[in-house]
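Colleague:
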């Protein structure tokens, strides 16, 4: 195997939140797509680079695989931030049907509206082909899965069982400082404009943290309510995750 060193992509290419996957005899890099000199996060559509698993020195640009404009949610307006037209950190998994499923979340300018969900899905017959919008992650009754913070999806096919991991958190410990508490509540209201005060503060466990849910074979429908795997710093006191909580 030929070793590769940074930078392995062109110097004008910016793919943060990278998710490498080996499909067949090639490794594919999926991720967000920043614009050089851009004004906000993830301004560009998803592209993929791939390389032979035995030669990681020779990377090929597979081109654009999915555009924000393909998602019907991209026309939603977020207050003070415009349209939800930016594609955030994605992941891809091969389903038991052999097709490839791209999971992602949309956001408006500067991350606004990106934490209200839903987690959406696109599908393709090949790892780096032209993906098509497929639907949104939902409960069996058709209700969108918006519990906790539907953000930063990660997928695992465990011998035919499909697991979706997701979540988000602030690196903040519990505090009795009233000034900090006031700032915290203001930040939370701006981040989650679609959630009620009860949904933000009365959820047990809290909305921040790492979660997992198993998907049906349709790759959209969850089998049960999401489970909390790792607490955020706010909820980690006294647990084995204190000082190294989910972030």
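In this note's numbering, the protein residues as written are 24 to 270. C-beta atoms are modelled at their ideal positions from N, C-alpha and C, and glycine is treated no differently.
To the nearest angstrom, report how far apart residue 218 and residue 207 are at their CA atoms.
Modeller: Distance between the alpha carbons of residue 218 and residue 207: 15 Å.
Colleague: Consult DSSP for residue 239 and reduce its assignment to one of helix, strand or coil.
Modeller: Three-state result, residue 239: coil.
Colleague: Under 7 Å between the Cβ atoms of residue 246 and residue 237?
Modeller: yes
Colleague: Assuming the contact rule is C-beta atoms closer than 8 Å, residue 72 and residue 84 should be a hit. Round their C-beta distance to whole Å, please.
Modeller: Contact between residue 72 and residue 84 holds: their C-beta atoms lie close to 6 Å from each other, under 8 Å.
Colleague: Do you know whose CA, among 216, 253, 36, 106, lies nearest residue 229's CA?
Modeller: 253
Colleague: On the three-state DSSP scale, how would you describe residue 31?
Modeller: coil
Colleague: For the putative contact between residue 163 and residue 189, defined by C-beta atoms under 8 Å, what is the C-beta separation to the nearest angstrom?
Modeller: Rounded to the nearest angstrom, the Cβ distance from residue 163 to residue 189 is 18 Å, too far for a contact under 8 Å.
Colleague: Return the chain-ordered list of same chain residues with a C-beta closer than 7 Å to the C-beta of residue 215, the five sequence neighbours on each side being excluded.
Modeller: 138, 139, 223
Colleague: Counting only runs of 3+ residues fully inside the segment 126–195, write out the beta strand (DSSP E) ranges in chain order.
Modeller: 143–147, 155–159, 177–181, 184–191
Colleague: Thinking C-beta only, is residue 107 closer than 7 Å to residue 136?
Modeller: yes
Colleague: For residue 255, which three-state DSSP category applies?
Modeller: When DSSP states are grouped into helix, strand and coil, residue 255 belongs to the coil group.
Colleague: Kindly give me the distance between the Cβ atoms of residue 39 and residue 50, rounded to whole angstroms, as I take these residues to be in contact under 8 Å.
Modeller: About 18 Å; that fails the 8 Å criterion.
Colleague: Short of 8 Å in beta carbon distance, which residues of its chain neighbour residue 161, apart from the five on each side in sequence? Order them along the chain.
Modeller: Here residue 161 has 141, 167, 168, 243, 244, 245 as same chain residues with Cβ atoms under 8 Å from its own Cβ, once five neighbours each way along the sequence are excluded.
Colleague: Would residue 34 be called buried (16 or more neighbouring beta carbons within 10 Å of its own) or exposed?
Modeller: exposed
Colleague: According to the Cβ coordinates, are residue 124 and residue 118 closer than 7 Å?
Modeller: yes
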